[in-house]
Amino acid sequence: CGRPPLNTKIVGGQDATPGSWPWQVSIQTGGRHFCGGSLISENWVLSAAHCFQSISAKYITLLLGIKSLEGVNPDMQQRGASKIIVNQNYSSSTSDNDIALVLLSSSVKYNDYVLPVCLATSNSFFPGDTKAWVTGFGKINSSGSLSQLNVCGRAPLNTKIVGGEDAAAGSWPWQVSFQKGGNHFCGGSLISKNWVLSAAHCFQSITAPDITIYLGLASLEGSNANRQTATTSNIILHQAYDPVSNDNDIALVQLDSPVTFNYYVVPVCLTASNSFLPAGTNVWVTGFGRIGSNVNLPSPQTLQEVEVPIVSNSDCGNSYSPTSITNNMICAGLSQGGKDSCQGDSGGPLVIRVNGIWVQGGIVSFGYGCAQPNYPGTLAQLSECGQPPLNTKIVGGQDAAPGSWPWQ
3 CGRPPLNTKI
13 VGGQDATPGS
23 WPWQVSIQTG
33 GRHFCGGSLI
43 SENWVLSAAH
53 CFQSISAKYI
63 TLLLGIKSLE
73 GVNPDMQQRG
83 ASKIIVNQNY
93 SSSTSDNDIA
103 LVLLSSSVKY
113 NDYVLPVCLA
123 TSNSFFPGDT
133 KAWVTGFGKI
143 NSSGSLSQLN
153 VCGRAPLNTK
163 IVGGEDAAAG
173 SWPWQVSFQK
183 GGNHFCGGSL
193 ISKNWVLSAA
203 HCFQSITAPD
213 ITIYLGLASL
223 EGSNANRQTA
233 TTSNIILHQA
243 YDPVSNDNDI
253 ALVQLDSPVT
263 FNYYVVPVCL
273 TASNSFLPAG
283 TNVWVTGFGR
293 IGSNVNLPSP
303 QTLQEVEVPI
313 VSNSDCGNSY
323 SPTSITNNMI
333 CAGLSQGGKD
343 SCQGDSGGPL
353 VIRVNGIWVQ
363 GGIVSFGYGC
373 AQPNYPGTLA
383 QLSECGQPPL
393 NTKIVGGQDA
403 APGSWPWQ
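Numbering-wise, our numbering puts 381 at position 379 of the sequence shown, and it's gapless, one number per residue.
Shown next, in the form of structure tokens:
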């Protein structure tokens, strides 16, 4: 242990030669690196406790023997995690005892590129000015936030669990909870640092000062270490919204202050104006709403996710009525029922993954009951919003009011 045969001791924050640090581990979820670790035996990896506050073992992949996070890594070994043990004295507030052990799903094979590091003895002492080495795949500057250019639609912790189950923390980092008096009433999706997209019907009987907006939530109850809270003083309803037919059920909510992008708070990308989702296309819907008609989401009210297919507007109209489903709507669900959005999911996103990027194509709007056979959920279709429907201050040739065109 502790003898890297290929270590050339490159100083000063430079690239490491392959094999220089053969105990280095990349801990990933959804194909994204989020923490490092060190191999200490054939079955165990040492890491930091704070890395695992919001994620469980089943969502983790560990990569060993890699020289970079991208490209070809011929010496790579990949393992899952079967158990995570956090130091019993770990304090998340002070970061004291920030230590964790990860049990690998199977033993690694030692070679020149995968070797364990030796551990210091219990009576070891490092005097001041002792030179030490630190390795990792993390950032090379101290910027605490990500730019939207690089993160739109990229959910770094997304593991795509199917079928109306709990979502892993960070899987859908654009998900928003709108609350009044501490109670969730609608969902939404973050589309920039200052704007949230939701459904117009959510705001018919409530005023902006009564609303609190939560982002980065894993659940509605309990500890949410990555939570960000916002308020709003400006809600813009689609100018053609019809509360009777639910046509153009779209709203924009302006945040009073910008959010900070990180792994748990990321904007979703919006579909192009000419986008089309053919029938049978599988899409995802997320939300904190009920899990059945009059069945509340059980404690701790973890964010739910479900994969459902697109239903053609003609078939959807046959279920409701031909005139009730307009070109501004999109339908999704199973003919046999069992998977759908429900009360409290309104305003939340319908998304599809395109070339590794999550794109929002719809907003949860209305339906008949929840997951009823032959009654798919109905959503506002974003691809029909290419014309400027959300601008309420179009006055020929004058200056645009701030926020009128938030995608400009």
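Where a beta carbon is used, it is the ideal one built from N, C-alpha and C, also for glycine.
- Taking a C-beta distance under 7 angstroms as the contact criterion, Gln79 and Val104 do not qualify as a contact pair.
- In the DSSP assignment, Cys204 falls outside any beta strand (DSSP E) and carries neither an H nor an E.
- Straight across, the Cα-Cα distance linking Glu72 with Ser22 is about 18 angstroms.
- The DSSP-derived three-state label of His52 is helix.
- Around Gly67, the same chain offers Asp77, Met78, Gln79, Tyr115 and Val116 as residues with beta carbons nearer than 6 angstroms, after the five sequence neighbours per side are excluded.
- Around the beta carbon of Ser179, 16 or more other beta carbons lie within 10 angstroms, which makes this residue buried.
- Taking all protein chains in view, the Cβ of Ile87 is surrounded by fewer than 16 other Cβ atoms within 10 Å, so the residue is classified as exposed.
- With a cut-off of 8 angstroms on Cβ pairs, the region 360-368 is in contact with the region 267-279, counting three or more such pairs.
- One thing to note: Ile312 has its Cβ no nearer than 7 angstroms to the Cβ of Leu381.
- Per DSSP, reduced to three states, the secondary structure at Gly379 is strand.
- Annotation: Gly190 is outside any alpha helix (DSSP H); the continuous beta strand (DSSP E) that includes it extends over Asn185 to Leu192.
- Excluding its 5 nearest sequence neighbours in each direction, Gly319 has C-beta neighbours in its own chain below 6 angstroms: Ile327, listed in chain order.
- Judged by DSSP secondary structure, Ser40 falls within the beta strand (DSSP E) whose first and last residues are Arg34 to Leu41.
- CA-CA distance, Asn250 to Phe263, rounds to 29 angstroms.
- Burial is judged here by how many other beta carbons sit within 10 angstroms of a residue's own beta carbon; Pro260 has fewer than 16 and is exposed.
- The Cβ atoms of Thr288 and Glu307 sit closer than 7 angstroms to each other.
- The alpha-carbon of Trp46 is positioned some 26 angstroms away from that of Ser95.
- Classified as exposed, Asn125 has fewer than 16 neighbouring CB atoms from the shown chains inside 10 Å of its CB.
- In terms of Cβ geometry, Asn226 and Ala232 do not form a close pair [threshold 7 angstroms].
- Put simply, the backbone Cα of Val356 is about 12 angstroms away from that of Ser277.
- Collapsing the DSSP output to three states places Asp212 in a helix.
- Using a 10 angstroms sphere on the CB of Asp347, the tally of other CB atoms reaches 16 or more, which defines it as buried.
- Annotated as distal: Ile29 and Ala171, with beta-carbon spacing of 7 angstroms or more.
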